[in-house]
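Reminder that position 74 of the sequence shown reads as 76 in our numbering, one-by-one numbering, no gaps.
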Amino acid sequence: MEKLKRAGIEVMWHGKKHNEGTHYCAQCEVEVFNMLFVTDNKKHLVYCQDCARKTSINLDGFIVLNQYTLEELTEVFNNFKLHTVSPRIVDTVLSQNSSQPVGMLPQGVSNLA
Ligand SMILES: [Zn+2]
Numbered sequence: 003m004e005k006l007k008r009a010g011i012e013v014m015w016h017g018k019k020h021n022e023g024t025h026y027c028a029q030c031e032v033e034v035f036n037m038l039f040v041t042d043n044k045k046h047l048v049y050c051q052d053c054a055r056k057t058s059i060n061l062d063g064f065i066v067l068n069q070y071t072l073e074e075l076t077e078v079f080n081n082f083k084l085h086t087v088s089p090r091i092v093d094t095v096l097s098q099n100s101s102q103p104v105g106m107l108p109q110g111v112s113n114l115a
């Protein structure tokens with residue numbers, strides 16, 4: 003984002019409405035998250051950064067919209083971490099199988115160890 007600012011491209015605050023659907027790139031149909039590159043014409047097509055750059059190297063004719071603050075992104079990241087499997091669960095699985103020869107461990111469990 004700093005790169006865009008240095009290039010003289012203004013990033014406009016857009017925010018995210020609660021009922022706002024997910025945006026997809028009009029070109030490659032990838033999900034566009036946080037940074038929306040919207041064509042500056044009546045169509046207002048949403049592009050991903052890659053396709054916007056391919057269409058216009060200077061992003062001429064695009065409005066860049068920003069949906070999340072850094073605080074919000076950090077919060078999302080922290081929520082992800084809370085849902086990861088804790089090492090304790092892996093230990094329990096391994097100790098349950100400890101009476102079996104290592105070769106008998108189900109695949110996946112041995113990969114975790
Ligand atoms: Zn795209």
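Where a beta carbon is used, it is the ideal one built from N, C-alpha and C, also for glycine.
Can you give me the Cβ contacts of residue i inside the same chain, cut-off strictly under 8 Å, excluding the 5 residues immediately before and after it?
| i | result |
| --- | --- |
| E4 | none |
| E14 | Checking the displayed sequence, the identity of residue 14 turns out to be Met instead of Glu. The answer, listed in chain order, is I65, V66, L67 and N68. |
| Y26 | V32, E33, V34 and V48 |
| P70 | Before going further, note that residue 70 is Tyr rather than Pro in the sequence given. Excluding positions up to five away in sequence, the list reads K18, N36 and V78. |
| R8 | none |
Inspect the beta-carbon positions of residue i and residue j and report whether they are closer than 9 Å.
| i | j | result |
| --- | --- | --- |
| L1 | F39 | Since the first residue shown for the chain is 3 and the last is 115, residue 1 is missing from the structure and cannot be characterised. |
Give the single residue among the options whose Cα lies nearest to the Cα of residue i.
| i | options | result |
| --- | --- | --- |
| T41 | C50, G10 and E73 | C50 |
| H16 | E31, T57, H46 and M37 | M37 |
| M54 | E77, K7 and C30 | Residue identity check: residue 54 is Ala in the sequence provided, not Met. Closest option to A54, Cα to Cα, is C30. |
| N43 | E12, K7, K56 and G63 | G63 |
I'd like the list of long-range same chain contacts for residue i, defined as Cβ closer than 7 Å, with 5 residues on each side in sequence excluded.
| i | result |
| --- | --- |
| A28 | L47, V48 and Y49 |
| S58 | F64 |
| E24 | Per the sequence shown, the amino acid found at residue 24 is Thr instead of Glu. Cβ neighbours of T24 beyond the five flanking positions: E33. |
| L6 | V13 and V66 |
Output needed for residue i: all residues of its chain with C-beta closer than 6 Å, excluding positions within five of it in sequence on either side, in chain order.
| i | result |
| --- | --- |
| N21 | none |
Length-filtered (3 minimum) beta strand (DSSP E) runs lying within the segment 22-83
37-41 and 64-68
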